[in-house]
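Read the structure below first, then the notes.
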């Protein structure tokens with residue numbers, strides 16, 4: 012039973028990712044969780060093995076524990092990038108320090124997650140990385156999900172024939188949701204992407220913003236286009 | 010200014026060198042005075058005994074002369090010994106004046122004994138009086154029954170006294186003045202070093218334990234003291250490192266099982282049907298584990314914030330703009346709880362800060378105010394210039410307020426007021442605010458009466474120009 016609907020495009024193979032993680036049980040849980048979302052995963056238990064695997068196979072994404080025994084995760088990312096391997100990397104670190112995150116992203120990582128994390132949070136981030144990689148084709152000027160349309164040049168939104176009047180924050184929130192339709196987006200991801208902030212804003216702050224957006228986006232009497240995913244976050248469409 | 014100067018002065022004089030110098034100066038003055046006083050007294054005594062002897066010899070010689078000879082000799086004596094004042098008087102047996110400058114027999118003078126010293130005005134008055142206050146006087150019976158009085162100034166003795174006094178005065182001036190000046194100059198070196206040490210301790214007191222006190226290669230007391238303190242700091246740093254290491258290890262050891270627990274619970278949750286009676290139980294478990302994780306992250310965050318190295322990443326932040334963003338983020342939440350949420354800002358207030366952390370601190374304060382203010386209430390966010398060099402950010406509400414006794418405790422980890430026990434949250438929000446404020450050297454305060462709280466944050470503005 013797949014809670015998150017990975018959108019399979021015709022002719023595309025199942026996404027395949029590499030999990031570089033030294034802890035056996037955490038690695039198994041990550042792999043299982045990814046499998047539940049239709050993503051297959053290989054595991055490497057240390058740095059050299061991870062580097063070797065990443066060089067051999069074209070993975071769609073890599074999760075990398077930065078605190079591996081014997082290897083510095085940051086060096087590993089740098090080595091990958093120097094060899095021209097552009098596979099998106101989700102860095103996982105026990106250190107939540109902002110500096111550590113900045114260093115990680117600067118070294119060539121694509122996203123950063125702090126341990127302890129919820130596996131659904133990790134899966135959601137992996138899915139965004141996979142989708143972002145696929146979307147890196149010509150810049151779109153319009154986003155469409157169901158009868159919702161976002162014009163990113165005029166910065167306007169319409170639902171069917173109805174023009175939506177959105178505040179700047181609401182517009183950014185809707186844009187983020189529409190970039191990843193059918194994809195579970197956690198509250199932390201929303202807070203990070205829309206507001207550019209990484210701290211715990213309290214449980215219901217994002218919910219309140221979503222609720223306001225819903226009131227503007229949804230038609231009366233219809234089920235909401237923005238769905239709440241129990242325990243995890245939100246999904247558009 | 011006068012205060013500062015006074016303080017400066019007192020610091021100057023409280024220095025060890027100055028004190029030693031002052032004590033030595035006082036000792037020197039006393040010793041010099043005693044020594045010169047002794048010399049003066051001895052010299053005077055000697056000169057006086059010489060004068061006495063001379064007078065005795067002279068009067069003995071004069072007595073042996075015939076009256077005519079004696080009068081000539083007396084005149085010669087006065088003329089020859091002009092440098093010292095000499096006077097004489099000749100009286101009959103009834104002490105009635107006959108000849109000489111001494112016009113009256115000095116009262117209280119014993120005849121035929123040793124010379125005595127008496128005030129000049131008792132011996133001689135009028136235009137012949139010498140400018141000295143004391144005279145040595147001697148009297149004797151002549152063979153014819155007349156009485157001869159000889160007076161002799163103690164001018165030499167007075168000169169000796171003057172010379173001694175001058176010696177004392179100049180000696181003290183020449184020793185003390187350059188000595189004190191030299192002492193002050195000598196003092197500048199140690200004082201400069203004390204200032205260096207003082208400025209080196211500032212970052213240490215603020216938590217940067219990597220810093221050490223400056224040690225020169227002189228090897229004097231200050232260096233030894235600084236070296237001792239540095240050894241102590243090494244030890245403190247090592248211990249702090251060990252404690253932090255232990256904490257990090259505990260955190261690391263807990264993190265992995267917590268992550269496993271969360272992921273396994275989540276998988277169970279995903280595999281259960283929504284109708285399953287255990288579904289809600291598992292959901293509660295996931296929620297609880299998430300709470301634990303949130304607390305965990307907050308605790309780790311606080312210990313991260315205690316690392317002063319983060320200050321290196323500070324940039325100029327506009328308080329007004331930051332407050333606008335905070336207001337925008339939390340306005341829907343306030344509206345959702347039927348609260349009036351007001352923003353009042355002053356533009357152009359720039360501080361040195363980590364913008365994300367500042368936002369987080371303000372967000373926590375606002376979120377707290379919104380959480381504890383009942384529906385229909387009011388929350389205000391404002392910033393204004395409090396003094397030429399500081400700005401004051403205030404988060405005010407008309408909620409239940411924080412009792413005076415609990416105001417200091419709210420910044421501590423896990424503290425939650427009695428009134429707030431019912432509300433959700435992990436009680437670390439304000440500790441994070443406190444840690445962020447401490448990192449920035451911002452000053453937090455809580456004011457307000459029984460109804461309503463005003464949380465203030467005093468921020469030093471970035472110096473302009």
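Protein chains in written order, with this note's numbering: chain A, 12 to 248; chain B, 10 to 474.
Just so it is clear, CB atoms sit at the ideal spot from N, CA and C, and this is done for glycine as well.
Nothing here was measured: the structure is a model prediction, and the numbers come from that model.
Close partners of residue 48/A in chain B (Cβ separation under 7 Å) are lacking, with about 10 Å as the shortest Cβ gap.
Contacts with chain A at 9 Å (Cβ-Cβ) include residue 369/B.
Residue 389/B sits away from residue 451/B, with the two beta carbons spaced by 9 Å or more.
Under the three-state reduction of DSSP output, residue 169/B falls in the helix class. Taking a contact as a CB-CB distance under 8 Å, the pair residue 65/A and residue 86/A does not count as one, their CB atoms being some 13 Å apart.
Non-local C-beta neighbours of residue 205/A in its own chain, meaning closer than 6 Å and more than five positions away in sequence, comprise 183, 184, 187, ordered along the chain. Of the candidates 95/B, 129/B, 65/B, 87/B, 65/B places its Cα closest to the Cα of residue 122/B. Taking 8 Å as the cut-off between beta carbons, the residues of the segment 213 to 228 of chain A near chain B are 213, 214, 215, 216, 219, 220, 222, 223, in sequence order. Taken through DSSP and simplified to helix, strand or coil, residue 95/B comes out as strand. Distance between residue 248/A and residue 234/A, taken at the CA atoms: about 11 Å.
If you compare the alpha carbons of 69/A, 139/A, 103/A, 212/A with that of residue 95/A, the shortest gap goes to 69/A.
Counted as a single uninterrupted DSSP element, the beta strand (DSSP E) harbouring residue 350/B occupies residues 349 to 353. The segment 111 to 126 of chain B and the segment 156 to 167 of chain B touch, with no fewer than 3 CB-CB distances between them shorter than 8 Å. Proximity of residue 80/A to chain B, defined by a Cβ-Cβ separation below 9 Å, is not satisfied. Between residue 40/A and residue 334/B, the CB-CB gap reaches or exceeds 9 Å. Measuring C-alpha to C-alpha distances from residue 27/B to each of 205/B, 196/B, 38/B, 468/B identifies 196/B as the nearest.
Residue pairing by DSSP places residue 104/A opposite 125/A in a beta bridge. Taking CB atoms only, residue 125/A has a neighbour in chain B less than 9 Å away. The three-state secondary structure of residue 104/B, taken from DSSP, is coil. When Cβ-Cβ separations below 9 Å define contact, residue 306/B makes contact with chain A. Between the alpha carbons of residue 78/B and residue 142/B lies a gap of roughly 31 Å.
For residue 180/A, the chain B residues whose C-beta falls within less than 7 Å of its own C-beta are 337, listed in chain order. Here residue 361/B carries a strand assignment [DSSP, helix/strand/coil].
Against chain B, a Cβ distance below 7 Å from residue 36/A picks out 269. Less than 9 Å separates the beta-carbon of residue 410/B from that of residue 460/B. Annotation for residue 38/A: 30, 32, 54, 56 place their beta carbon closer than 8 Å to its own, counting only its chain and skipping 5 residues before and after.
Neighbourhood of residue 44/A in chain B, by CB distance below 8 Å: 272, 275, 276, in chain order. Sequence-distant Cβ neighbours of residue 83/B in its own chain, meaning closer than 6 Å and more than five residues away, are 97. Ranking 313/B, 81/B, 124/B by CA distance to the CA of residue 63/B puts 124/B first. Interface annotation, residue 188/A: not in contact with chain B, CB-CB separation never under 9 Å.
Contact between residue 403/B and residue 464/B holds: CB atoms are separated by about 7 Å, below the 8 Å threshold. The beta carbon of residue 166/A lies closer than 7 Å to those of 182 in the same chain, with the five residues before and after it left out. Under a 10 Å Cβ-count criterion, residue 408/B is classified as buried, with 16 or more other Cβ atoms of the shown protein chains found around its own Cβ. Separation of residue 345/B and residue 215/A (C-alpha to C-alpha, rounded to the nearest whole angstrom) is 10 Å. Taking 8 Å as the upper bound for CB-CB distance, residue 26/A and residue 141/A are in contact here, some 5 Å apart.
Under the DSSP definition of a beta bridge, residue 54/A partners with 30/A.
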